[in-house]
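**Student:**
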Amino acid sequence: AQSVTQLGSHVSVSEGALVLLRCNYSSSVPPYLFWYVQYPNQGLQLLLKYTTGATLVKGINGFEAEFKKSETSFHLTKPSAHMSDAAEYFCAVSTTFNNDMRFGAGTRLTVKP
Amino acid sequence: DTAVSQTPKYLVTQMGNDKSIKCEQNLGHDTMYWYKQDSKKFLKIMFSYNNKELIINETVPNRFSPKSPDKAHLNLHINSLELGDSAVYFCASRQGLSNQPQHFGDGTRLSIL
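Heads up: the sequence lines are chains A and B, in that order.
The numbering used here puts the first residue of the first sequence at -2, with every later residue one more than the last.
The numbering used here puts the first residue of the second sequence at 2, with every later residue one more than the last.
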């Protein structure tokens, strides 16, 4: 079965600094990978996804992620953090052989002024 | 206009009561899900329906019973509520293949007194 591990339950950056949220996956078949963001008292919103093709994927709000098969990673980055980026971020994985999606434990991003 | 809508948004009730949460999606998706998010933000899948058929039934107490009257609706009924049922419950939907993202509702915050 597939799974994801998010390294760091809490990441704190200064406004304008680089954001790096780490995600490693485990899957015996090619994975489909997703990043979601959750703002307080809201549901999860899709930031970006990787299915096939280009390994660097761009998403909403200036975020991007790179699929690295050799490292089984799908880290999320943003060059310059904004106060509005403060939220909970979830990495998720699914495969062709499963109808469900497995989520990581989440990483809370705090942005300091 | 809301894609996945859940009602109610907040539910406060006493131990031992029975309650239901409703979910509707207007995206034309054929698969719907229920997730439970605990106080540490961990997301656990509970159930999934595809075209009104139950396809995922994780280890969940049988006090929880999902019902899907049609493809656009997936309700969750909970009998004999316990303190440990306090959580945020999210409904989600997806169309077809596992490389598609899930779309989430805003959640129902259940508090047991």
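Note that beta-carbon positions come from the ideal geometry of N, C-alpha and C, so glycine has one too.
All of these numbers come straight from a predicted model, not from anything done at the bench.
#1: Determine the chain A residues that contact K42 of chain B at a beta-carbon separation under 7 Å, and present them in chain order.
#2: Contact criterion: CB-CB distance below 8 Å. Does N51 of chain B meet it with respect to chain A?
#3: Counting contacts by CB-CB distance shorter than 8 Å, is S81 of chain A in contact with chain C?
#4: Against chain A, with Cβ distances strictly below 8 Å, would G123 of chain B count as a contact?
#5: Please report the straight-line C-alpha distance between L55 of chain B and L106 of chain A, rounded to a whole angstrom.
#6: List the DSSP bridge partners of P67 of chain B.
#7: Return the CA-CA distance between T92 of chain A and K46 of chain A, expressed in angstroms with no decimal places.
#8: Just tell me which of B:M16, B:K72, B:V89 and B:Q101 has its CA closest to the CA of R110 of chain B.
#9: Tell me which residues share the same chain as H74 of chain B and place their Cβ nearer than 6 Å to its Cβ, disregarding the 5 neighbours each side in the sequence.
#10: Could you tell me which of A:G40, A:P110, A:F87 and A:S77 sits nearest to V1 of chain A, measuring between CA atoms?
#11: With a threshold of 8 Å between beta-carbons, can G40 of chain A be considered close to chain B, or not?
#12: Whose Cβ in chain A lies nearer than 8 Å to the Cβ of N27 of chain B?
#13: Taking Cβ-Cβ distances shorter than 9 Å, what residues in chain B pair up with K46 of chain A?
#14: Between F43 of chain B and T104 of chain A, what straight-line distance do the alpha-carbon atoms span, to the nearest angstrom?
#15: I'd like to know whether the C-beta of N95 of chain A is nearer than 8 Å to at least one C-beta of chain B.
#16: For chain B, find out if any of its Cβ atoms is closer than 8 Å to the Cβ of F31 of chain A; answer yes or no.
**Tutor:** Walking through what the data contain:
#1: E85 and G103
#2: yes
#3: In the displayed structure, chain C is absent; the protein chains listed are A and B.
#4: What is shown of chain B runs 2 to 114, which leaves residue 123 of chain B out entirely.
#5: 36 Å
#6: In the DSSP output, where bridge partners are listed per residue, P67 of chain B has B:L77.
#7: 13 Å
#8: With respect to the C-alpha of R110 of chain B, the residue from B:M16, B:K72, B:V89 and B:Q101 having the closest C-alpha is B:V89.
#9: Around H74 of chain B: E25.
#10: The shortest Cα separation from V1 of chain A among A:G40, A:P110, A:F87 and A:S77 belongs to A:F87.
#11: The beta-carbon of G40 of chain A is placed less than 8 Å from the nearest beta-carbon of chain B.
#12: Per Cβ cutoff of 8 Å: no residues; N27 of chain B is ~15 Å from chain A at best.
#13: N100, Q101 and P102
#14: F43 of chain B and T104 of chain A have their alpha carbons spaced roughly 10 Å apart.
#15: yes
#16: yes
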